[in-house]
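For the sequence shown, the tail end lands on 247 under the numbering used here, and the numbers increase by one without skipping. Built from N, CA and C at the ideal position, the CB exists for glycine as well. Structure first, then comments.
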Amino acid sequence: MAQSKVWTRLPSWLIYPVGMIPAVYLFYAAFTNQLGADPLDALENELGEWALKFLVLGLLFTPLLKIGRVNLVKYRRAIGLVAFAYVFLHLAVYVALDRQFGWWEIWGDIVKRPYITIGMAAFILLLPLAITSNNASIKQLGTAAWRNLHKLAYPAVLFGALHYVLLKKTWEPEPLVYLAIILVLLGWRFLQFKRAVKNA
Ligand code: HEM
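Written as structure tokens, this is what we have:
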């Protein structure tokens with residue numbers, strides 16, 4: 048409990064500059080040619096991986112509170128917005144640097160490559176969450192509707208992980224580990240929900 052108090056004393060705005068450090072480093076390293084043989088590919092992939100890490104982190108707050116009795120909920124919104132920033136940068140690198148604004152090529156990817164279709168679906172699901180992650184929107188929508196809308200995060204994270212699994216041509220352990228962690232976290236939420244319905 049004492050430990051959770053130390054953590055809750057940190058201001059939540061700190062999450063933004065700290066969370067964006069990897070992005071700043073990755074862009075710097077990519078543009079100074081320090082990201083290996085194909086810096087653009089590495090930049091795109093690393094941003095995608097950080098997006099997934101922050102999305103998974105966003106799913107951990109409720110189990111931490113309910114199982115671990117550690118209340119870090121005040122950081123959840125900032126973590127969610129940092130996750131979205133990484134998804135956005137990942138998409139921006141794909142559109143601007145990888146596909147160089149070749150809109151027909153991008154459209155072709157979306158309709159022909161299942162991993163891009165699913166990645167795009169994840170981005171679209173996250174868009175309304177990012178737009179409404181502010182106090183004015185919570186007030187306007189009402190807490191219940193806002194909470195319901197933010198449940199879109201669950202399919203979005205799942206799609207993010209499936210996107211990662213599908214883009215690999217072979218079964219690689221890393222994407223499968225992400226998918227397994229996400230399935231456990233979503234499964235736990237589903238059980239919580241079922242229990243709440245039963246007890247209502
Ligand atoms: C929630 C949304 C998303 C997440 C979590 C995500 C995550 C990832 C991850 C983890 C990787 C692979 C990293 C690695 O190999 O180390 C990746 C690669 C990639 N993603 Fe995403 N992504 C998302 C959305 C998108 C969107 C919207 C697009 C484009 C429309 C996209 C296009 C790509 C491309 C082109 C690659 C590289 C594939 C390759 O190297 O062949 N992603 N993404």
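Could you please give the first and the last residue of the uninterrupted alpha helix (DSSP H) stretch that includes residue i?
i      : result
Ser59  : Where Ser59 is concerned, there is no enclosing alpha helix (DSSP H), given that its DSSP letter is neither H nor E.
Trp193 : Thr190 to Leu196
Trp235 : Pro220 to Asn246
Leu214 : Ala200 to Leu214
Ala84  : Per DSSP, Ala84 belongs to no alpha helix (DSSP H) and is neither H nor E.
Less than 7 Å separating the beta-carbons of residue i and residue j?
i      : j      : result
Leu138 : Phe170 : yes
Leu133 : Phe108 : In the sequence as presented, Leu is not what sits at residue 133; that position holds Tyr. No, the pair does not count as a contact, with Cβ atoms beyond the cut-off.
Ser180 : Lys121 : no
Phe206 : Ile165 : yes
Ala208 : Ile229 : yes
Phe131 : Ala177 : yes
Leu106 : Leu232 : yes
Expressed to the nearest angstrom, what Euclidean distance is found between the alpha-carbon atoms of residue i and residue j?
i      : j      : result
Ile126 : Gly149 : 32 Å
Trp218 : Tyr201 : 23 Å
Pro86  : Ala70  : 14 Å
Tyr211 : Tyr225 : 9 Å
Val117 : Val53  : 11 Å
Asn246 : Val129 : 35 Å
Met67  : Leu238 : 34 Å
Leu144 : Gly83  : 17 Å
Arg124 : Lys216 : 34 Å
Lys186 : Leu174 : 19 Å
Ile62  : Arg56  : 13 Å
Leu111 : Gly234 : 15 Å
Ala242 : Leu223 : A small fix is needed here, since residue 242 is Arg in this sequence, not Ala. Computed Cα separation, rounded: 28 Å.
Arg160 : Leu136 : 20 Å
Starting from the C-beta of residue i, find all residues in its chain whose C-beta is less than 6 Å away, skip the five residues before and the five after it, and write them out in chain order.
i      : result
Leu73  : Leu90 and Glu93
Arg146 : Glu152 and Ile153
Ala49  : With a pLDDT of 49 at Ala49, under the threshold of 50, the modelled position of that residue is not reliable, and the figure given next carries that caveat. For Ala49, where only same-chain residues beyond five positions count, there are no Cβ hits under 6 Å.
Tyr162 : His210, Leu213 and Leu214
Trp167 : Position check: residue 167 holds Met in this sequence, whereas Trp was assumed. If we look at Met167 and ignore the five residues flanking it on each side, its Cβ neighbours are Ile157.
Output needed for residue i: all residues of its chain with C-beta closer than 7 Å, excluding positions within five of it in sequence on either side, in chain order.
i      : result
Asn80  : Pro86
Val140 : Leu90, Glu91 and Leu94
Val142 : Phe148 and Ile153
Item checked: Entirely enclosed alpha helix (DSSP H) segments - the stretch 108 to 179, minimum 4 residues -> 123 to 139, 150 to 159 and 161 to 178
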